[in-house]
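Numbering (my numbering) for the sequence shown: 602 to 884.
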Amino acid sequence: MARRPRAPAASGEEFSFVSPLVKYLLFFFNMLFWVISMVMVAVGVYARLMKHAEAALACLAVDPAILLVVVGVLMFLLTFCGCIGSLRENICLLQTFSLCLTAVFLLQLAAGILGFVFSDKARGKVSEIINNAIVHYRDDLDLQNLIDFGQKKFSCCGGISYKDWSQNMYFNCSEDNPSRERCSVPYSCCLPTPDQAVINTMCGQSMQAFDYLEASKVIYTNGCIDKLVNWIHSNLFLLGGVALGLAIPQLVGILLSQILVNQIKDQIKLQLYNQQHRADPWY
602 MARRPRAPAA
612 SGEEFSFVSP
622 LVKYLLFFFN
632 MLFWVISMVM
642 VAVGVYARLM
652 KHAEAALACL
662 AVDPAILLVV
672 VGVLMFLLTF
682 CGCIGSLREN
692 ICLLQTFSLC
702 LTAVFLLQLA
712 AGILGFVFSD
722 KARGKVSEII
732 NNAIVHYRDD
742 LDLQNLIDFG
752 QKKFSCCGGI
762 SYKDWSQNMY
772 FNCSEDNPSR
782 ERCSVPYSCC
792 LPTPDQAVIN
802 TMCGQSMQAF
812 DYLEASKVIY
822 TNGCIDKLVN
832 WIHSNLFLLG
842 GVALGLAIPQ
852 LVGILLSQIL
862 VNQIKDQIKL
872 QLYNQQHRAD
882 PWY
């Protein structure tokens with residue numbers, strides 16, 4: 602009996618379910634954030650190394666440089682899985698990338714919902730963070746600059762009020778405090794002076810010793826917590842837009858990775874099918 606002629610193998614071998622557009626779009630998408638993560642880690646490490654050793658050990662929990670390094674490393678590992686997984690068409694790496702990205706997205710969503718529902722507890726946590734930052738104000742230059750920027754931006758001083766600065770050992774109002782800044786507040790608490798050529802860093806001298814009415818003539822007396830809450834309430838649409846801007850790349854990454862995984866699985870099935878039929882003498 603004559604054999605049935607085989608179909609041309611080349612056409613079956615050349616066909617692929619894997620779309621080059623999806624594959625390289627996911628690769629370059631991850632490559633962009635991979636580069637960003639390396640820059641974040643480099644900046645964080647550089648900022649950390651520039652600090653004095655004793656200051657670096659004093660406030661690890663509130664150091665912006667450490668936060669930058671941690672976020673950069675996590676982003677680096679995540680985007681590494683996406684880059685290599687898409688380039689090598691590795692299902693394991695792609696699924697790891699997709700699952701991690703989904704977990705990050707769900708955590709962000711849960712944090713937003715819990716922060717909205719339990720606003721009082723969120724306020725208490727923010728107050729704790731601000732008070733901790735006040736305590737370590739002089740221990741970390743980055744933290745100091747961040748607090749000064751926040752107080753200037755929101756026209757505020759301290760957490761609840763300007764007297765919260767007594768929690769800092771340099772600004773404490775106790776009689777046995779030998780600091781020259783005793784009972785003072787940082788210069789960023791001071792009201793702006795028109796046409797001021799040189800910043801007066803001693804403008805907050807002894808302001809904690811004055812009552813609210815007298816101190817309000819020189820410095821901001823309202824705390825930053827209330828100012829921050831009011832700013833959030835006034836900029837809900839802006840914050841919603843930022844949250845959406847963070848969510849869209851994550852959702853795109855999840856969608857592209859799942860599409861590519863399904864395409865790779867289909868391609869594997871096609872290859873197995875071709876191998877089985879090549880062994881069939883009647884194929």
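Idealized CB from N, CA, C, for every residue including glycine. Just so you know, these numbers come straight off a predicted model, no measurement behind them.
My output table needs one value for S775: the three-state DSSP class, helix, strand or coil. Position 174 of the sequence shown holds residue 775. Coil.
Taking the C-alpha atoms as reference points, what is the distance between C701 and L679? Position 100 of the sequence shown, counting from 1, holds the residue named residue 701. Position 78 of the sequence shown, counting from 1, holds the residue named residue 679. Approximately 7 Å, taken between the alpha carbons.
Separation of V705 from A712, as counted between CA atoms: Residue numbering aside, residue 712 sits at position 111 when the sequence shown is read from its first letter. Residue numbering aside, residue 705 sits at position 104 when the sequence shown is read from its first letter. Those two C-alpha atoms are separated by around 10 Å.
Counting only the same chain and skipping the five closest in sequence on each side, list residues whose C-beta sits under 6 Å from that of C885. Any answer about residue 885 is impossible in this case: the structure gives the chain only from 602 up to 884.
What is the rounded straight-line gap between the Cα of D827 and the Cα of Q768? Here the question's residue 827 lines up with position 226 in the sequence shown. Here the question's residue 768 lines up with position 167 in the sequence shown. When rounded, the distance between both Cα atoms is 19 Å.
Have a look at the DSSP bridge pairing and note the partners of I820. Here residue 820 corresponds to residue number 219 of the sequence shown, with the count starting at 1. Partner(s): C791.
Evaluate D743 with the Cβ neighbour count: other Cβ atoms within 10 Å of its Cβ, from every protein chain shown; 16 or more gives buried, anything less gives exposed. Along the sequence shown, read from residue 1 onward, the residue named residue 743 stands at position 142. D743 should be labelled buried.
Continuous alpha helix (DSSP H) stretch holding T703: start and end: For the purposes of this step, residue 703 is taken as the residue at position 102 of the sequence shown. From DSSP, the alpha helix (DSSP H) with T703 extends over I692 to V718.
Mind checking L633: buried by the 16 CB within 10 Å criterion, or exposed? What you label residue 633 is simply residue 32 of the sequence shown in a count that begins at 1. Result: exposed.
To the nearest angstrom, how far is it from the Cα of P852 to the Cα of I820? One-based indexing of the sequence shown puts residue 852 at position 251. One-based indexing of the sequence shown puts residue 820 at position 219. Sequence check: residue 852 is Leu here, not Pro. Whole-angstrom Cα-Cα distance: 46 Å.
Cβ-Cβ separation, Y738 to I601 (assumed contact under 8 Å), whole Å: The chain is shown only over 602 to 884; residue 601 falls outside these bounds and no answer can be derived.
Rounding to the nearest angstrom, what Cα-Cα distance links E815 and Q806 in this structure? Within the sequence shown, the letter at position 214 stands for residue 815. Within the sequence shown, the letter at position 205 stands for residue 806. Near 13 Å, if we compare the C-alpha coordinates of Q806 and E815.
Would you say L857 and V619 are within 9 Å of each other, going by their C-beta atoms? Translated into positions along the sequence shown, residue 857 becomes position 256. Translated into positions along the sequence shown, residue 619 becomes position 18. Contact: no.
If G725 sits next to C825, beta carbons under 8 Å apart, how far is it from one beta carbon to the other, in whole angstroms? Here residue 725 refers to the residue found at position 124 when the sequence shown is read from its first residue. Here residue 825 refers to the residue found at position 224 when the sequence shown is read from its first residue. Not a contact, Cβ separation roughly 15 Å.
Please state the DSSP three-state secondary structure of S762. In the sequence shown, the residue the question calls residue 762 occupies position 161. Of the three classes helix, strand and coil, the one that applies to S762 here is strand, per DSSP.
Can you give me the C-alpha to C-alpha distance between G645 and G751, rounded to a whole angstrom? Translated into positions along the sequence shown, residue 645 becomes position 44. Translated into positions along the sequence shown, residue 751 becomes position 150. Cα to Cα, the separation comes out at about 20 Å.
Going by the beta-carbon positions, is the gap between Y788 and M803 smaller than 9 Å? Within the sequence shown, the letter at position 187 stands for residue 788. Within the sequence shown, the letter at position 202 stands for residue 803. Yes, the pair counts as a contact, with Cβ atoms nearer than the cut-off.
Once you ignore the five residues that flank C791 on each side, which residues in its own chain have a CB closer than 6 Å to its CB? Taking the sequence shown and counting its residues from 1, one reaches residue 791 at position 190. Within the same chain, C791 has close Cβ partners C804, G805 and I820.
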